[in-house]
Structure formats: structure tokens, C-alpha cells
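K.L.:
Please find one structure pasted underneath; my questions will follow.
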Amino acid sequence: MSPFIRAHILVCSGAGCVSSGCHGVYDSLMRALEEEGILGEVKVIKTGCIGSCDLGPTVLIYPDGTFYQKVTPEDAKEIVEEHIVKGRPVARLFPRQAEGEPAENISSLNFFKKQVKVVLRNCGVIDPENIYEYVARDGYEALARVLTDMTPKDVIDTIKQSGLRGRGGAGFPTGLKWEFAQRVHADEKYVVCNADEGDPGAFMDRSVLEGDPHSIVEAMTIAGYAIGANQGYIYVRAEYPLAVSRLTHAIEEAHEFGVLGENLFGSGFSFDLDIRVGAGAFVCGEETALLASMEGKRGMPRPRPPFPANEGLFRKPTLINNVETYANIAPIILKGPDWFRSIGTEKSPGTKVFALAGKINNTGLVEVPMGTTLREIVYEIGGGIPGGKAFKAAQTGGPSGGCIPESLLDISMEYDTLTKAGAMMGSGGLIIMDEDTCMVDIAKFFLQFTQDESCGKCVPCREGTKVMLDILTRITEGKGQAGDIQTLEALGKTIKNTALCGLGQTAPNPVLSSIRYFRNEYEAHIDEKRCPGGVCKDLVGYEIDAEKCRGCSLCAKACPTQAIHPVAGEAALAEASGGEGGHKPKRRTYEIDNSKCQKCGECMSVCRFDAVSRR
Amino acid sequence: MASEVVAKRSKLESVGGECKCHGKLPDDRFDKLRDVIDEYKDKPGSLIPVLHEAQQLFGCLPEDVQEFVAKGLGVPESEVYGVATFYSLFSLKPKGKWTISVCLGTACYVKGAADCLEALKKELGIDIGGTSEDGLFTLEGVRCVGACALAPVVVIGDTVYAKVKPEDIKRILAEHVEAHSTEAHAS
Numbered sequence: 022m023s024p025f026i027r028a029h030i031l032v033c034s035g036a037g038c039v040s041s042g043c044h045g046v047y048d049s050l051m052r053a054l055e056e057e058g059i060l061g062e063v064k065v066i067k068t069g070c071i072g073s074c075d076l077g078p079t080v081l082i083y084p085d086g087t088f089y090q091k092v093t094p095e096d097a098k099e100i101v102e103e104h105i106v107k108g109r110p111v112a113r114l115f116p117r118q119a120e121g122e123p124a125e126n127i128s129s130l131n132f133f134k135k136q137v138k139v140v141l142r143n144c145g146v147i148d149p150e151n152i153y154e155y156v157a158r159d160g161y162e163a164l165a166r167v168l169t170d171m172t173p174k175d176v177i178d179t180i181k182q183s184g185l186r187g188r189g190g191a192g193f194p195t196g197l198k199w200e201f202a203q204r205v206h207a208d209e210k211y212v213v214c215n216a217d218e219g220d221p222g223a224f225m226d227r228s229v230l231e232g233d234p235h236s237i238v239e240a241m242t243i244a245g246y247a248i249g250a251n252q253g254y255i256y257v258r259a260e261y262p263l264a265v266s267r268l269t270h271a272i273e274e275a276h277e278f279g280v281l282g283e284n285l286f287g288s289g290f291s292f293d294l295d296i297r298v299g300a301g302a303f304v305c306g307e308e309t310a311l312l313a314s315m316e317g318k319r320g321m322p323r324p325r326p327p328f329p330a331n332e333g334l335f336r337k338p339t340l341i342n343n344v345e346t347y348a349n350i351a352p353i354i355l356k357g358p359d360w361f362r363s364i365g366t367e368k369s370p371g372t373k374v375f376a377l378a379g380k381i382n383n384t385g386l387v388e389v390p391m392g393t394t395l396r397e398i399v400y401e402i403g404g405g406i407p408g409g410k411a412f413k414a415a416q417t418g419g420p421s422g423g424c425i426p427e428s429l430l431d432i433s434m435e436y437d438t439l440t441k442a443g444a445m446m447g448s449g450g451l452i453i454m455d456e457d458t459c460m461v462d463i464a465k466f467f468l469q470f471t472q473d474e475s476c477g478k479c480v481p482c483r484e485g486t487k488v489m490l491d492i493l494t495r496i497t498e499g500k501g502q503a504g505d506i507q508t509l510e511a512l513g514k515t516i517k518n519t520a521l522c523g524l525g526q527t528a529p530n531p532v533l534s535s536i537r538y539f540r541n542e543y544e545a546h547i548d549e550k551r552c553p554g555g556v557c558k559d560l561v562g563y564e565i566d567a568e569k570c571r572g573c574s575l576c577a578k579a580c581p582t583q584a585i586h587p588v589a590g591e592a593a594l595a596e597a598s599g600g601e602g603g604h605k606p607k608r609r610t611y612e613i614d615n616s617k618c619q620k621c622g623e624c625m626s627v628c629r630f631d632a633v634s635r636r
Numbered sequence: 047m048a049s050e051v052v053a054k055r056s057k058l059e060s061v062g063g064e065c066k067c068h069g070k071l072p073d074d075r076f077d078k079l080r081d082v083i084d085e086y087k088d089k090p091g092s093l094i095p096v097l098h099e100a101q102q103l104f105g106c107l108p109e110d111v112q113e114f115v116a117k118g119l120g121v122p123e124s125e126v127y128g129v130a131t132f133y134s135l136f137s138l139k140p141k142g143k144w145t146i147s148v149c150l151g152t153a154c155y156v157k158g159a160a161d162c163l164e165a166l167k168k169e170l171g172i173d174i175g176g177t178s179e180d181g182l183f184t185l186e187g188v189r190c191v192g193a194c195a196l197a198p199v200v201v202i203g204d205t206v207y208a209k210v211k212p213e214d215i216k217r218i219l220a221e222h223v224e225a226h227s228t229e230a231h232a233s
């Protein structure tokens, strides 16, 4: 008989919390429980990402649902002594909401309220290294149903009816993709999971792999049955070692429990999985480049057709889906396509996981129904912009996507509306930018990225992005010329239409969309040699307002290059002009020598009288 | 066979004295690599996993290691070189004791990663890809490490430094050396 467990302590062990030191918290919890002699009554579990990464390390206690933030090993001891032993929650560790109200329970946190967890259903809830916990959450039930009750056609029809679209970015209907792969006759077929999550700022795939690896194993096996493949590969980027180790463990466990391998559920169907680790190339997220890399070659894309469904890995028909897409499969089989369609919008059913980061109060992973507005995500879930700054834009889809300006805050977040707005769903990276961000600089940043990662195979991408980057660099250095914007637009359109693969075809998006919505910023850089965001160092200067300056000398002391000094002869001048009534001479003020100024902005941040301004 | 390995070994060690053991330790790394190659030989598409293991063994992928892999797997040396130079995780040059990876993902960039990178370059006197003169640090800019909530992030060895400011750099480097040198003494 298993012992009676009266409380569960979930310690988030997602990458964010690991970096903030959750292992120390876990050790401390275990030690304290042992000291109290209640190790047998309380179960401590290292879970996958709970989602609120900026509050890490986080600890969640069930059955009450008490949520603790920024827990240190000392706090952990207190949690055991006070909460677990005496039943008194440690109020000082509750997260605070924007209104200052502490939120004791996980359900009362605004960050979680609007979320609907389908893909992340098990992340932060179960121990990813324990198959029993996955099974207890209906794990492998979908596989059992598929193998014992459904034909491959039934499975494909179910996925088609659900309207699920590829979560890797382009939003191609998943059921259709499965059908293409199923229809091809071949002696061997493959199922591939694209876990080469390369978009900077997107980490949902990582969280699923680390927090719920069995969901991918199960879904890929279902896909194998549906299209007639007996071998699957998961291509994971090498930068995710924890994901690789949890997946490896999950595959071993699945073998041990007979849900992966020969003759599954007595159906005669066999399926096996292997992991392939990437070696650091963004372009490998593109499916044909990914296949080349899996074959041990340079990760260069090739023209399509033939599509991988006809000729993929080792020239065999291959089905490639993204991690998040697979994570939707088991729930669709179990709950039916109608249930899935009841979430989200008509054209984009289901949910989408966004990685919320940048200038926002609550960063982390959020899963919301498709069609949720950007405003809801930024202000209700994300808690708004820190420091009372103004929202400027949100970048979706990483280097392939575009920006959404403030005027479109009420945009419905789904595939087609985002594409129409010149942005893109992409993998779901959502970077929030405030008024201190320069849109030209951000466009340059993304182009630098794609230029760097361009494999060099086709001319439009290799040469075109280089020329665009040169122009952008010139603009940010204050050497922009009339006609630059038009050249960027023309080049961008040509590259979009002519590049070989998805990387090149989408590379101009950040530039084109920022020109579309922030043309005035480009013009300010080019015509007025001014950077409105105050980011481009060559275009920024600081000045001290003599009226506001109180002569405290803080700025002069803070200046690393001694560029700030008192205004020469000012005291004497003040005496001469205002000396009539025996006034004491005006306090001396300071000024900045722009030939020495490094534009670090230190003077502005130390001034207590708001006397330093940027121009 | 054995003599071939010995020949390889001496060739590696003669490459500008790059090998840290300076010939003092018995170099069984080529034997180990041989085992790795044998394990992967019949699996299709195994060049990248083999190179991963080779880099693990040697710290980098110098020419004769590439040659050894090419012969072992029966692929042209040009292909091995092509793959080794295509992927950013493979390095042909030896690296410092610790690799400093400055995350240049979007979230980190928006929060000032570029300034941290500048501070590191200045402090270590090297550019991206360079190794400091004392052989301690190799500086790299990496794509998103996926810890966006902690931006800007700098990873030194296996240690993640979160919410780094340029003025913290000096202290972080000193702390890292300190922490890891005491670790070495303790063990």
C-alpha cells in the first residue's frame, strides 16, 4: 500500500528557475522535511516550467494551491516549518500583483487567470521524469485508443476535423500534412519532430520537452501509426541539454512500459524513436535544412517540391511537425475535434503558447485561446510595462515576423490577422518594446541575425540581406541618405519573392513592418539625424537644462569620461547681471562637453532634478 | 593500426603546442574516438553525432581529428570540414578553460545585452570568438538560451548569470575565477 501523502510541493525546474537556483531550494526542502520527520507524508516534485519565469524559483503547494515566488533555500526551510508543519502560509513570499495585492493562491494570479492550458497541460504539474505521473493525467490513453479502436484514416480525419494548424509558424493544416504523408506508398516512412527552436525569444518548445516529454513520444507514435511509419526522430538543438536528457529518459521509460517499441498494445504496430542533436544553426529549423542536417550534411535547404511528405529524410516520405503541434494531438484524440474547435477562433482553433518577454512586468510562458487580443496579453496577463513607460510595439515571430504598433493593440492574435498586419505568428515569441526602444535598431538587430544565419546558398538571401543590413547600419550611424527607405522596401520585396527557403523569404519582415508602422522613426534618423528612442549612439546627445540644474555635481562625478564641468565664468556673470539688490550670486550650473561625451546616459540616470535630457 | 594512432597523436601535439597535456599524459583519445566511430559507423547520418563526441574528447576539431573521422566513417575530408565549419557549435581552434556565452536573443538585446558584450570585450581584451591571453575565457555571442525572463543573461561555463549590467562584468569574472579555483582546491 502506498503511504498517505498529505501535501505535494511542486518545485518549478524549468530552465528559468534552474538558472535562478531552484535546485538549492529543492535540497533545502528535503532537508527540512527530513529534520521534521515528515519526509514520508509530503511529496516534493521537480516539475517542468510553471510559466512565471521572472518570479523564479517558484514553489507551488497542493492541495491548497499556494504559490510562493523568489524562494531561497532559507525560505524553503521556513515554508516547511510554518506552512507544512503548522499550516500557516508564509505571506511574505506571495507574489504581488500590479495593484499591490498579494496573491496567495495560484488561481488568483492575473498571470494565470486568462490562460487555457492544452499544450502546457502537464507542464509545471507533473514530474517529467516519472511516467506514472504522465499516465495518471490520461497519458498514453490516446495512443491506446488509436491503436485499438481507430484506423489510420480515422486518426487523420479527426485531426483534419479539429482544424489544428502547424504551430511552427506557417500554420499549415496538420491533418492535411498527415494525409499527404499517408497517401504516399513507400517501404519506409519517417516521423520527425522539429525541436530546433531557434527563434530568439521563444522557449515554449523547450518547456514542453522539459516539462512533458511523454506527450511528444505519445503524439509521434500516433502520427507513425496514422501515416504508416515505424521510426521517428526528434531533432533537438544542442543548446537545450536538459531537454535532451529528459527526452532520452522518457524514451527509455516508454520502452520499459511497452508504449514504445514492438507490437504496441498487441496491435502489431511497432514504433521507435531516436534523438538527433543539432549543432547550432538557425536555418536548420527550416524543414529541408533540418533533414539535410539529420543526414549528417551541412544544414542547407533545398527547393520544394519535392515536399518532405513525398521525399524527405534519406529520400523517404517524411512527416515533420513542430513540438507544440504534437503536444495538441493527444487531447484532440481524447476529447474530440469539436472540443478543440470550441477553443480559439474559427480559422485558428485551439490555443497558442506565447513566450512573453522584453519590457513587460510578468515575463514567462502564457497559453491563451487563439483570438485573444494583444492588449489582454500585455496588460491583463503581462501586467503592463515596467516603470510606467509607454507601450511602443510588440514583435511577434522573431526574426521572421514583424512588429505590431500601439494602434493595433486590439488585434486578435491568430494566424491570418497577424499575417495581414505584416507580422507573423511564427513560433510564438512575443517581445514587448517600450518607448525607449528604437525600431530601426531592432530591425537592424533582426537582420544581423538572419544575415549571420543565412546559409549562403541562394543569392537573394546571401547578398540581399547583406545590402539591407549595410543600409540599416548606415542609417543608425547617422549616414542615412534620401531614398534609403525606398531601396529597403524594394530589396525587401524582392528577397521575399525570390529567396529559396523560409529563412530568406521572411528575413525582410522586421524591416518592412517597422517601415510600415514607424516610417517616421526612419525619417528622423535619415533627415534629422535624430534617434527618437535614444538608442543609436551616434545620433544621441545629452544636454543639461541650466534652469533646472541645481549644481549638485552628481552628474560630473558619475561621468566616466569627465565630460561634464561647471559652466565657465557663470558665477561671475550672474553676479554682474543680478547683483542689484545684493543678491547672493546664482548657483553655478554644469554643462556637457560633447566632444568627450560617450553617450552612456549615466548623467541622466543620476540627476535628481530632471535637468539632463536627451536630444 | 596502433602505429597509425601514435602517428596521429604526435601530429596533434605538434600543432603549435595546442594540446594541454604537452605529451605528458598517455593520449588514448584517438582510441576512444575509434570506439565512437565504430558504434556509429553503420547508422545513416552519423557524422554530426561523431563530431560532437570528437569535440567532447579533444576540446575542438583540429585537422587531424577531422581526417581521422573522415577515414573512419568513409566520407570525404572535404565533407567533414564542410560540416565542421557550418555549425556554430563546432570549433577548429582550442577554447579557453571557460566559455562565456553572452545571450544575444531578442529579450536580452532589448534589455541591454549589447552593452554587456562590449564590457566583456573591453575587460578581456578580445573580440567574439577570441580567447583571453591567460587562456581562461573564450568569448561567444549565442542565440537565445531561452531564459528570457532573466535577461540579459551571460553564461560562464555552466553558471548562468541573470540580469547582468555592464558594470557587473568585472565582479562576475572575478567571482567566477574565485569560486572555481576554490572548488578545484577542495576536490
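Read top to bottom, the protein sequences are chains U and W. All residue numbers for the first sequence refer to the working numbering, where the first residue is 22 and numbers rise by one. All residue numbers for the second sequence refer to the working numbering, where the first residue is 47 and numbers rise by one. By construction, the Cβ of each residue, glycine as well, lies at the ideal position given by its N, Cα and C atoms.
Could you tell me whether any Cβ in chain W is nearer than 8 Å to the Cβ of Met171/U?
P.N.:
Mapped onto the first sequence, residue 171/U falls at position 150. No, Met171/U does not count as interfacial toward chain W.
K.L.:
Does any C-beta atom of chain B lie closer than 8 Å to the C-beta of Pro221/U?
P.N.:
In summary, chain B is missing from the structure at hand, where the protein chains are U and W.
K.L.:
Below 7 Å between beta carbons is the criterion; list the residues of the stretch 326-354 of chain U that meet it against any residue of chain W, in chain order.
P.N.:
Phe335
K.L.:
Just to confirm the assignment: which complete beta strand (DSSP E) runs, minimum length 3, are found wholly within the stretch 259-344 of chain U?
P.N.:
293-298, 339-343
K.L.:
Note down, in chain order, each residue of its chain lying with its Cβ closer than 7 Å to the Cβ of Gly222/U, except the 5 sequence neighbours on either side.
P.N.:
Walking along the first sequence from the start, residue 222/U turns up at place 201. Correct list, in chain order: Ala376, Ala378, Gly419, Gly450, Ile452.
K.L.:
Can you tell me which residues form a DSSP beta bridge with Cys194/W?
P.N.:
Start at 1 with the first residue of the second sequence, and residue 194/W comes out as number 148. Per DSSP, none; premise fails for Cys194/W.
K.L.:
Is it buried or exposed for Thr515/U, if we count other Cβ within 10 angstroms and need 16 for buried?
P.N.:
Counted from its first residue, the first sequence places residue 515/U at position 494. It is exposed - the Cβ of Thr515/U has fewer than 16 other Cβ atoms within 10 Å.
K.L.:
When you check each C-beta in the stretch 30-54 of chain U against every C-beta of chain W, which residues fall closer than 7 Å?
P.N.:
Ala36, Gly37, Ser40, Ser41
K.L.:
Considering just the uninterrupted stretch of the beta strand (DSSP E) at Leu130/U, what are its terminal residues?
P.N.:
The sequence position of residue 130/U within the first sequence is 109, counting from 1. Leu130/U -> no beta strand (DSSP E), and no H or E assigned at all.
K.L.:
Of all the beta strand (DSSP E) runs that stay within the bounds of the stretch 444-502 of chain U, which reach a length of 3 or more residues?
P.N.:
450-455
K.L.:
Consider the Cβ of Leu93/W: report whether some Cβ of chain U lies at a distance smaller than 8 Å.
P.N.:
The residue given as residue 93/W occupies position 47 in the second sequence. Judged by the 8 Å Cβ criterion, Leu93/W is in contact with chain U.
K.L.:
What residues from chain W crowd round Ala378/U, counting only those whose CB sits closer than 7 Å?
P.N.:
Taking the first sequence and counting its residues from 1, the one referred to as residue 378/U is at position 357. Simply Ala153, Cys194, Ala195, Ala197.
K.L.:
Who pairs with Ala28/U in a beta bridge, going by DSSP?
P.N.:
Counting from one through the first sequence, the residue named residue 28/U turns up at place 7. Answer by DSSP bridge pairing, in chain order: Val63/U.
K.L.:
Apply the 10 Å Cβ neighbour rule to Arg189/W and answer buried if 16 or more other Cβ atoms are within range, or exposed otherwise.
P.N.:
In the second sequence, residue 189/W corresponds to position 143, counting from 1. Result: buried.
K.L.:
Quick check on Gly600/U: does DSSP put it in helix, strand or coil?
P.N.:
As a working mapping, residue 600/U is identified with position 579 in the first sequence. The pLDDT assigned to Gly600/U is 47, lower than 50, so where the model puts this residue is not dependable; a value taken from the coordinates is nonetheless given after this. Three-state result, Gly600/U: coil.
K.L.:
Helix, strand or coil: which one does DSSP assign to Phe412/U?
P.N.:
Taking the first sequence and counting its residues from 1, one reaches residue 412/U at position 391. If DSSP states are grouped into helix, strand and coil, Phe412/U belongs with the strands.
K.L.:
Identify, in the order they occur along the chain, each residue of the same chain with its Cβ nearer than 6 Å to the Cβ of Asp559/U, setting aside the five sequence neighbours on each side.
P.N.:
On the first sequence, position 538 is the one that residue 559/U refers to. Taken in chain order, the residues that qualify are Glu498, Gly499.
K.L.:
I'd like to know if the stretch 224-237 of chain U and the stretch 55-73 of chain U are in contact, where contact means that at least 3 CB-CB pairs between them fall below 8 Å.
P.N.:
Touching, yes, given that three or more Cβ pairs across the two stretches are closer than 8 Å.
K.L.:
Are the stretch 339-350 of chain U and the stretch 212-228 of chain U in contact at 8 Å, needing three or more beta carbon pairs?
P.N.:
yes
K.L.:
How long is the line joining the alpha carbons of Lys373/U and Ile243/U, rounded to whole angstroms?
P.N.:
Position 352 of the first sequence, counted from the start, is the residue given in the question as residue 373/U. Position 222 of the first sequence, counted from the start, is the residue given in the question as residue 243/U. Between Lys373/U and Ile243/U, the C-alpha separation is close to 22 Å.
K.L.:
Please determine, among Lys617/U, Gly443/U, Thr169/U, the residue with the shortest C-alpha to C-alpha distance to Ala415/U.
P.N.:
Within the first sequence, residue 415/U is the residue found at index 394, counting from 1. Of Lys617/U, Gly443/U, Thr169/U, the residue nearest in Cα terms is Gly443/U.
K.L.:
Against chain W, which members of the stretch 606-632 of chain U pass a CB distance test of less than 8 Å?
P.N.:
Within the stretch 606-632 of chain U, no residue has a Cβ lying closer than 8 Å to any Cβ of chain W.
K.L.:
Report yes if the C-beta distance between Glu123/W and Glu113/W is below 8 Å; otherwise report no.
P.N.:
As a working note, residue 123/W is residue 77 in the second sequence. As a working note, residue 113/W is residue 67 in the second sequence. The answer is yes: Cβ separation under 8 Å.
K.L.:
Does Gly176/W have its Cβ less than 8 Å from a Cβ in chain U?
P.N.:
By one-based count along the second sequence, residue 176/W stands at place 130. Not one chain U Cβ lies under 8 Å of Gly176/W.
K.L.:
When DSSP labels each residue in this structure, what does Cys621/U get in the three-state scheme?
P.N.:
Taking the first residue of the first sequence as position 1, residue 621/U is located at position 600. Shown here, Cys621/U sits in coil according to DSSP, grouped into three states, outside any helix or strand.
K.L.:
Gln182/U and Pro322/U look like a contact to me (Cβ under 8 Å); what is the Cβ gap, rounded to whole Å?
P.N.:
In the first sequence, counting from the first residue as 1, residue 182/U sits at position 161. In the first sequence, counting from the first residue as 1, residue 322/U sits at position 301. In fact, because the Cβ distance is near 32 Å, the residues do not count as touching under 8 Å.
K.L.:
Alpha carbon to alpha carbon, how far is Asp88/W from Met47/W? Give it in angstroms, no decimals.
P.N.:
Against the second sequence, residue 47/W aligns to sequence position 1. Against the second sequence, residue 88/W aligns to sequence position 42. Since pLDDT at Met47/W reaches only 39, below the 50 mark, its modelled position is unreliable, and no value is offered.
K.L.:
Can you tell me which of the three DSSP states Glu564/U falls into?
P.N.:
Position 543 of the first sequence, counted from the start, is the residue given in the question as residue 564/U. Three-state DSSP puts Glu564/U in a strand.
K.L.:
Touching or not, the stretch 120-140 of chain U and the stretch 91-109 of chain U, by the rule of three or more beta carbon pairs under 8 Å?
P.N.:
no
K.L.:
Sort Asn143/U, Leu521/U, Asn530/U by Cα distance to Leu509/U and report the nearest one.
P.N.:
As a working mapping, residue 509/U is identified with position 488 in the first sequence. Among Asn143/U, Leu521/U, Asn530/U, the Cα nearest to that of Leu509/U belongs to Asn530/U.
K.L.:
Give the C-beta separation of Thr366/U and Ser433/U to the nearest angstrom, bearing in mind that I take them to be a contact with Cβ-Cβ under 8 Å.
P.N.:
As a position in the first sequence, residue 366/U is number 345, starting the count at 1. As a position in the first sequence, residue 433/U is number 412, starting the count at 1. Sure, about 7 Å apart at Cβ, within 8 Å.
K.L.:
Out of Gly306/U, Leu285/U, Met315/U, state which residue places its alpha-carbon closest to the alpha-carbon of Ile296/U.
P.N.:
Along the first sequence, read from residue 1 onward, the residue named residue 296/U stands at position 275. Nearest C-alpha to Ile296/U: Met315/U.
K.L.:
Pull up the distance between the alpha-carbon of Glu57/U and that of Tyr83/U, whole angstroms please.
P.N.:
In the first sequence, counting from the first residue as 1, residue 57/U sits at position 36. In the first sequence, counting from the first residue as 1, residue 83/U sits at position 62. Spanning the two alpha carbons is a distance of roughly 19 Å.
K.L.:
With H, G and I counted as helix, E and B as strand and the rest as coil, what does DSSP make of Ser137/W?
P.N.:
For the purposes of this step, residue 137/W is taken as residue 91 along the second sequence, with counting starting at 1. DSSP places Ser137/W in coil when its eight states are reduced to three.
K.L.:
Which residues, in order along the stretch 72-92 of chain U, keep a beta-carbon less than 9 Å from a beta-carbon of chain W?
P.N.:
Ser73, Cys74, Asp75, Leu76, Gly77
K.L.:
Give me the chain W residues within the contact set of Ser475/U, using Cβ-Cβ distance strictly less than 9 Å, ordered along the chain.
P.N.:
As a position in the first sequence, residue 475/U is number 454, starting the count at 1. Simply none; closest approach about 12 Å.
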